[in-house]
Amino acid sequence: SQELEQSPQSLIVQEGKNLTINCTSSKTLYGLYWYKQKYGEGLIFLMMLQKGGEEKSHEKITAKLDEKKQQSSLHITASQPSHAGIYLCGADALWDSWGKLQFGAGTQVVVTP
Amino acid sequence: DSGVTQTPKHLITATGQRVTLRCSPRSGDLSVYWYQQSLDQGLQFLIQYYNGEERAKGNILERFSAQQFPDLHSELNLSSLELGDSALYFCASSDGGGKGYTFGSGTRLTVV
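Chains as they are written, first to last, in the working numbering: chain D, 17 to 129; chain V, 134 to 245.
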């Protein structure tokens, strides 16, 4: 099965600073999803990337997909307290079975004043 | 509201007992997925149903079973519960084409 490795495992960033989270796959990425989760709560969909080189932005969050590197990055500009939480990347495991998401372990983001 | 409804939100039960978690998918979605999230295992895929049929199985224990009904809602049955089954259980739905997954808010199961 596919493995998704997220880095860093956790990070602390000062409010107003930028941050980047990486998600690397052991297999070819057919679809890469980013979700945000507040501890103990549900998953909030952020973005979906499907094509190599694709880049999407929403407010201060930008995600890119490097198909050749089998990697995606999530970049937050000028972080705010509302950006705190756990960020999860998920990939379509189409080679394994029909369209199910497998997830990385998550990156915990803490935003300090 | 994501459109995926999970009930109950919280459940506390004793070891050895059996519980049923319910999920109503987003309108129009034919696929339902169940995930378990525990502190030490992260978000683990359990099982997928598409239009009433089982499509994929992940790390689902034999004590666990699921089904999807004609109205497309799904139930996850957990039996002979152990302390280690305490976790957040999420349901997600999609249109079946792998083009987007919507998650419910989860059911927090505590086994005491």
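Positions of the beta carbon are idealized from the N, C-alpha and C atoms, including for glycine.
Here the structure is a predicted model, which is why all the values come from computation and not from measurement.
Here G69(D) is exposed: its Cβ has fewer than 16 other Cβ atoms, across all protein chains shown, within 10 Å. Taking Q96(D) as the centre and dropping the five residues before and after it, the same chain places the C-beta of E31 and V127 closer than 7 angstroms to its C-beta, in chain order.
Residues of the segment 56-77 of chain D with a C-beta less than 9 angstroms from any C-beta of chain V: G56, E57, G58, L59, I60, F61, M64 and Q66, listed in chain order.
Between E215(V) and T148(V), the C-beta spacing is below 8 angstroms. At least one CB of chain V lies nearer than 8 angstroms to the CB of Q118(D).
When Cβ-Cβ separations below 8 angstroms define contact, Y103(D) makes no contact with chain V. Rounded to the nearest angstrom, the gap between the Cα atoms of P158(V) and Q124(D) is 28 angstroms. Pairing S164(V) with Q181(V), the inter-Cα distance amounts to about 7 angstroms. Comparing C-alpha distances from G233(V) to each of S198(V), T243(V), D162(V) and V244(V) shows the shortest one belongs to D162(V). Of all C-beta pairs linking the segment 22-40 of chain D to the segment 135-149 of chain V, fewer than three are shorter than 8 angstroms, placing the two stretches out of contact. Of all C-beta pairs linking the segment 49-57 of chain D to the segment 101-109 of chain D, three or more are shorter than 8 angstroms, placing the two stretches in contact. Linking S26(D) to I37(D) through their CA atoms gives a straight-line distance of about 9 angstroms.
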